[in-house]
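Enquirer: Those protein sequences? They're chains A and B, same order as listed. Just add 1363 to wherever you are in the first sequence, counting from 1, and you've got our numbering. Just add 1363 to wherever you are in the second sequence, counting from 1, and you've got our numbering. We treat Cβ as the ideally placed atom computed from N, Cα and C, and that holds for glycine. All figures in this text were calculated on a predicted structure; none of them were measured in a lab. Please see the structure below; I have some questions.
There are 2 protein chains.
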Amino acid sequence: MARAGLTAELLTRAGAELADEVGFDQVTVSALARRFDVAVASLYSHVRNSQDLRTRIALLALDEMAALAADALAGRAGRDALTALANVYRDYAREHPGRYTAARLRLDPATAAASAGGRHAQLTRAILRGYDLTEPDQTHAVRLLGSVIHGYISLELDGGFGHSAPDTAETWARIMDALDALLCNWPTPPSAA
Amino acid sequence: MARAGLTAELLTRAGAELADEVGFDQVTVSALARRFDVAVASLYSHVRNSQDLRTRIALLALDEMAALAADALAGRAGRDALTALANVYRDYAREHPGRYTAARLRLDPATAAASAGGRHAQLTRAILRGYDLTEPDQTHAVRLLGSVIHGYISLELDGGFGHSAPDTAETWARIMDALDALLCNWPTPPSAA
DNA sequence: TTAATTTGCCTAAACCCTTTCGGCAACTGC
DNA sequence: GCAGTTGCCGAAAGGGTTTAGGCAAATTAA
């Protein structure tokens, strides 16, 4: 019988597509085997196990997002850069909800260190160069930006905002305004209430 | 043979504990049956199915958090109320990671409407009374607060910040400062860049 | 070109989780 | 004590995971 020509990369890409179509948690070795019209056991020559498959998809998504983000940031600074980066994540989450969810998978330390995760932090830091923040605050700001952006996207992605007015596009724009204003005028440490 | 005295409520509470111990996605009808030393099929008289069980746990968590939040907000206003509310969520997530994850489960519209979800939005709105925000902006601010708080907690919960310096407690405090400052000086709609 | 080796895919089987069905035992009210 | 209801159980079917062992196709060598 003819061979199917499977490889880990091929399976990972197909897994990513499957994730976008049916949700990341529905990505299963069995479903993937069906998609290639191949026996389930065949996949285990290319992928260690189900977890390994999911991890590969996560790494793919992190990589893709990092590339898009780097691209979007080229030649931009300040508020412009901030919205560009945030939009990259938001657009990616909308076009590839399964991949986006995958990217949020918890990775073991070694894998995480080898992932594109660091690049994301680096890119966020790059944005802050356009604002006037020194070191301890810069890290706080990086974390804040990560929290807002990913928090917002998660809520929007699983319908947390409902279909209520005003629409989410408007809120998103206002949040960008708010973050920009905040970074321009970052409150100093001992903030009296 | 003696009966085990199962009820939907009992199973839900035990399921919540199980979630905190082994993770929400490891909460399974089988695991719960084992915990009660009972046959798996027995649970199906009290709970429609696995999804139903998970939903009940989510509703329990939402309820518990709403009660804690209402309590924490009593007699507080402004920055004080803001940090109190945020801390309720954060502390709850740390003490009950499984329940917290459950609370983020996507509910179908009817169930969501009957859940404590609305109370959470109401409580967040209550905080904004201490600041000077009128209606469209108030909703934007509610969404921003939800995004930051839940975004931050999610990242912290699954180790997104690593163990790097400065520590996360410090970042959390600074984020509270930042949000307070932001709400005190919310940028008006057409923000010139 | 054929022989030896490697590689890829398959069948089979064990294990776990889900869900339904039918039965029997234990409570409930009378 | 008896009927009726309720609660728990065994069995079975269906799907996902993973391993082991085997045969065939590709690859390399002779």
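Quick one: list the residues of chain B neighbouring Pro1499/A, beta-carbon separation under 8 angstroms, in chain order.
Expert: Pro1529 and Glu1533
Enquirer: What residue from Gly1368/B, Leu1373/B, Leu1545/B and Glu1380/B has the CA that sits closest to Glu1458/B's CA?
Expert: Glu1380/B
Enquirer: Does any heavy atom of the ligand ZN sit closer than 7 angstroms to the C-beta of Ala1447/B?
Expert: The model on display carries no ligand, and the ligand ZN is accordingly not part of it.
Enquirer: Are the C-beta of His1503/A and some C-beta of chain B separated by less than 8 angstroms?
Expert: yes
Enquirer: Between the Cα of Pro1552/A and those of Asn1548/B, Glu1533/B, Leu1545/B and Trp1549/B, spot the shortest distance and give me the residue it belongs to.
Expert: Cα-wise, what sits closest to Pro1552/A is Glu1533/B.
Enquirer: If I measure Cβ to Cβ from Ser1478/B and keep anything under 7 angstroms in the same chain, skipping five residues before and after, which residues do I get?
Expert: Leu1422, Leu1425 and Leu1470
Enquirer: Counting only beta-carbon atoms, is Val1392/B nearer than 8 angstroms to chain A?
Expert: Val1392/B does not count as touching chain A.
Enquirer: For Pro1460/B, which residues from the same chain have a beta carbon less than 7 angstroms from its beta carbon, with the 5 sequence-adjacent residues on both sides left out?
Expert: Asp1383 and Leu1520
Enquirer: Given a limit of 8 angstroms on CB to CB distance, which residues of the segment 1403-1428 of chain B reach chain A?
Expert: Close to chain A, meaning a Cβ-Cβ distance shorter than 8 angstroms, is no residue of the segment 1403-1428 of chain B at all.
Enquirer: Using three-state DSSP, classify Pro1598/A as helix, strand or coil.
Expert: Because residue 1598/A is not part of the residues shown, which for chain A are 1364 to 1556, the question remains open.
Enquirer: Comparing C-alpha positions only, which one of Tyr1494/B, Gln1501/B, Trp1535/B and His1503/B sits nearest to His1503/A?
Expert: Trp1535/B
Enquirer: Count the other CB atoms within 10 Å of the CB of Val1511/A; is the residue buried (16 or more) or exposed (fewer)?
Expert: buried
Enquirer: For a quick check, are the C-beta atoms of Tyr1406/A and Ala1394/A less than 8 angstroms apart?
Expert: Position check: residue 1406/A holds Leu in this sequence, whereas Tyr was assumed. Their beta carbons are not under 8 angstroms apart, which means Leu1406/A does not touch Ala1394/A by this criterion.
Enquirer: Consider the Cβ of Pro1550/A: report whether some Cβ of chain B lies at a distance smaller than 8 angstroms.
Expert: yes
Enquirer: Between the segment 1506-1518 of chain A and chain B, which residues of the former have a C-beta closer than 8 angstroms to a C-beta of the latter?
Expert: Arg1506, Leu1507, Gly1509, Ser1510, Val1511, Ile1512, His1513, Gly1514, Tyr1515, Ser1517 and Leu1518
Enquirer: Quick one: give me the first and last residue of the alpha helix (DSSP H) that Asn1412/B is part of.
Expert: Asn1412/B -> no alpha helix (DSSP H), and no H or E assigned at all.
Enquirer: In whole angstroms, give me the CA-to-CA distance for Asp1495/A and Gly1378/B.
Expert: If I take the Cα positions, the gap works out to 48 angstroms.
Enquirer: Identify the contact partners of Phe1524/A in chain B, using a Cβ-Cβ distance below 8 angstroms as the criterion.
Expert: Arg1506
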